[in-house]
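Engineer: Structure below; questions to follow.
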Amino acid sequence: MKRQQIINGVIALVIGVLIFVTPFIFIGLTAVKSAAEASQLGLSWPSEWLFWDNLVAVIQARNYMLLLAYFNSTVITVGAISLLVISAAMIGYVIQRRPSKWNGFIYALILAGLMIPPAVVPTIWLLKELHLFKTLHGMILIQVAYGLSFSVLLFRSFIASIPRDLDEAAIIDGAKPWQVFFKVILPLLKPVTVTVILVQSVTIFNDFTNPLYYLPGKDNVTVQLTLYNFQSQFSSQMNLLFMNILLVTIPPLIMFIFFNKQIVKGMTAGAVKG
Numbered sequence: 003m004k005r006q007q008i009i010n011g012v013i014a015l016v017i018g019v020l021i022f023v024t025p026f027i028f029i030g031l032t033a034v035k036s037a038a039e040a041s042q043l044g045l046s047w048p049s050e051w052l053f054w055d056n057l058v059a060v061i062q063a064r065n066y067m068l069l070l071a072y073f074n075s076t077v078i079t080v081g082a083i084s085l086l087v088i089s090a091a092m093i094g095y096v097i098q099r100r101p102s103k104w105n106g107f108i109y110a111l112i113l114a115g116l117m118i119p120p121a122v123v124p125t126i127w128l129l130k131e132l133h134l135f136k137t138l139h140g141m142i143l144i145q146v147a148y149g150l151s152f153s154v155l156l157f158r159s160f161i162a163s164i165p166r167d168l169d170e171a172a173i174i175d176g177a178k179p180w181q182v183f184f185k186v187i188l189p190l191l192k193p194v195t196v197t198v199i200l201v202q203s204v205t206i207f208n209d210f211t212n213p214l215y216y217l218p219g220k221d222n223v224t225v226q227l228t229l230y231n232f233q234s235q236f237s238s239q240m241n242l243l244f245m246n247i248l249l250v251t252i253p254p255l256i257m258f259i260f261f262n263k264q265i266v267k268g269m270t271a272g273a274v275k276g
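Position 139 of the sequence shown, counted from 1, bears residue number 141 in my numbering, the numbering being contiguous throughout.
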C-alpha cells in the first residue's frame, strides 16, 4: 500500500511538472533566442544566449511603453484592491452580523455577480455617460465591480467563524458600530484579507480583456496589452514576445510562490457553516 502511494505520488509529480513547469521552460528558452531560432517555436537549447539584448529591446520598444504599462497596471491594481478589501469586508460583515429581510435578496445579487457574464456594450455606454471611459479610475471601478462578489463571499464566510461575543463585548464597553468593525473585527480578518489581496491582485494585474474593452489608447496601456508590440498580422518577433511574456509573468509568479500558504489558509479558514 505504501509503495503504491509513493508510485502514485511520483506519477502525479511528473504529470504536474509536464503540465505546469514545461510551459515556463519553453517561455524562458524562447525569450533568450535569436529571432530566427525563436520563430521555429521549438523546445530546444539556444545556440546563442541573448537575454540582455532581448530584455533591453522589450523595455525600449515603442518609447518605453512597457514601463508605462507597469505604472498603469500598478495604479489600477493598488486602487482596485484598496476599494475591494474595505467594501467587501464591510458588506460581508453586514450580511453576516445584521440579519434582515433584504439579506437573501442581497446575497442573491452577489451570487448573480459570479454567474452572469458582464455586458460590455452597456458598460461602455455607462462609462461614457459618467465620463469614466478611457480613464484609470474608471478601470479601477470596473475591477472592483467584477471582483466584489468573490471577495464578499470570502469575507462573509470568514466572519462567520468569529464569535459574536466579541461584538457584544465591544458594544457593552461603549464602542459604536463603526468602531466594532474597524477596531475589533477588521484586525481579525488578516488571513482572508491577505488571500483577497493576493488572488485579486494577480487577477487584476493579469487582466487582458477588460483593459482592451474599457481602456483603449496607447497612454492607458497595461502590461498584458504590451504583447501586441511584437505581434502583428504580417510579422511576429517571437523572441521579444516571449521575453515580454516572461517579464509580465514574473511578478504574479513570485507572489504565488511566496504567499501560497497564506492563500490556502485564507480560503479554508472560513470554511464553517455561517
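Positions of the beta carbon are idealized from the N, C-alpha and C atoms, including for glycine.
Note that the structure is predicted; figures quoted are calculated from it, not measured.
Answer yes or no: do Ala-71 and Asn-241 have a C-beta to C-beta separation smaller than 8 Å?
Structural biologist: Working through the sequence shown from its first residue, we reach residue 71 at position 69. Working through the sequence shown from its first residue, we reach residue 241 at position 239. No. Outside cutoff.
Engineer: Going by C-alpha distance, which of Thr-197, Gly-149, Ser-49, Phe-261 is nearest Ile-115?
Structural biologist: For this step, residue 115 is matched to residue 113 along the sequence shown. The sequence shown places Gly at residue 115, not Ile. Gly-115 has its Cα closest to that of Gly-149, out of Thr-197, Gly-149, Ser-49, Phe-261.
Engineer: Given 8 Å as the limit, is there contact between the segment 182–194 and the segment 159–173, that is, 3 or more CB pairs closer than that?
Structural biologist: Output reads yes: the segment 159–173 touches the segment 182–194.
Engineer: Considering only the alpha carbon of each residue, which of Phe-207, Ile-8, Arg-100 lies closest to Ser-75?
Structural biologist: Here residue 75 is taken as the residue at index 73 of the sequence shown, counted from 1. Closest option to Ser-75, Cα to Cα, is Phe-207.
Engineer: Under the three-state reduction of DSSP, which class applies to Ser-46: helix, strand or coil?
Structural biologist: In the sequence shown, residue 46 corresponds to position 44, counting from 1. Note: Ser-46 maps to coil in three-state DSSP.
Engineer: Just reading off the alpha helix (DSSP H) that Val-87 is part of, what are its end residues?
Structural biologist: The residue labelled residue 87 in the question sits at position 85 within the sequence shown. Start and end: 53–99.
Engineer: Apart from the five residues just before and just after Arg-158, which ones in its own chain have a Cβ nearer than 6 Å to its Cβ?
Structural biologist: By one-based count along the sequence shown, residue 158 stands at place 156. Here the set comprises Gly-94, Ile-97, Gln-98.
Engineer: So, for Leu-190: in the same chain, excluding its five sequence neighbours on each side, which residues have a beta-carbon less than 7 Å away from its beta-carbon?
Structural biologist: Along the sequence shown, read from residue 1 onward, the residue named residue 190 stands at position 188. Excluding positions up to five away in sequence, the list reads Ile-164.
Engineer: Look up Gln-290 in the DSSP assignment and give the residues it is bridged to.
Structural biologist: Here the chain comprises residues numbered 3 to 276, so residue 290 is not present and cannot be evaluated.
Engineer: Would you kindly work out how many angstroms separate the C-alpha atoms of Val-16 and Gly-44, rounded to a whole number?
Structural biologist: Position 14 of the sequence shown holds residue 16. Position 42 of the sequence shown holds residue 44. Cα to Cα, Val-16 sits roughly 21 Å from Gly-44.
Engineer: Could you spell out the range, first to last residue, of the alpha helix (DSSP H) harbouring Trp-104?
Structural biologist: Along the sequence shown, read from residue 1 onward, the residue named residue 104 stands at position 102. Taken as a continuous stretch (DSSP letters only), Trp-104 belongs to no alpha helix (DSSP H), as it is neither H nor E.
Engineer: Assuming Tyr-215 and Ile-126 make a contact with CB atoms under 8 Å, what is their CB distance in whole Å?
Structural biologist: Walking along the sequence shown from the start, residue 215 turns up at place 213. Walking along the sequence shown from the start, residue 126 turns up at place 124. The pair is a contact, with the Cβ atoms about 7 Å apart (cut-off 8 Å).
Engineer: So, under 8 Å CB-CB, Val-154 and Ala-90 are touching, yes? Tell me the CB distance rounded to an integer number of Å.
Structural biologist: Here residue 154 corresponds to residue number 152 of the sequence shown, with the count starting at 1. Here residue 90 corresponds to residue number 88 of the sequence shown, with the count starting at 1. Right, the Cβ-Cβ distance comes to about 5 Å (below 8 Å), so this counts as a contact.
Engineer: If I follow the unbroken alpha helix (DSSP H) through Asp-169, where does it start and stop?
Structural biologist: Within the sequence shown, residue 169 is the residue found at index 167, counting from 1. Taken as a continuous stretch (DSSP letters only), the alpha helix (DSSP H) holding Asp-169 covers 166–174.
Engineer: Which residues mark the beginning and the end of the alpha helix (DSSP H) in which Leu-156 is found?
Structural biologist: Taking the sequence shown and counting its residues from 1, one reaches residue 156 at position 154. Where Leu-156 is concerned, the enclosing alpha helix (DSSP H) stretches over 138–161.
Engineer: Just the Cα atoms here: how many angstroms apart are Val-198 and Val-12?
Structural biologist: Working through the sequence shown from its first residue, we reach residue 198 at position 196. Working through the sequence shown from its first residue, we reach residue 12 at position 10. The alpha-carbon atoms of Val-198 and Val-12 are separated by roughly 32 Å.
Engineer: Per DSSP, what kind of secondary structure is Gly-30 in: helix, strand or coil?
Structural biologist: Translated into positions along the sequence shown, residue 30 becomes position 28. Helix at Gly-30.
Engineer: Quick one: grab the DSSP three-state call for Phe-210.
Structural biologist: Residue mapping note: residue 210 aligns to position 208 of the sequence shown, counting from 1. If DSSP states are grouped into helix, strand and coil, Phe-210 belongs with coil.
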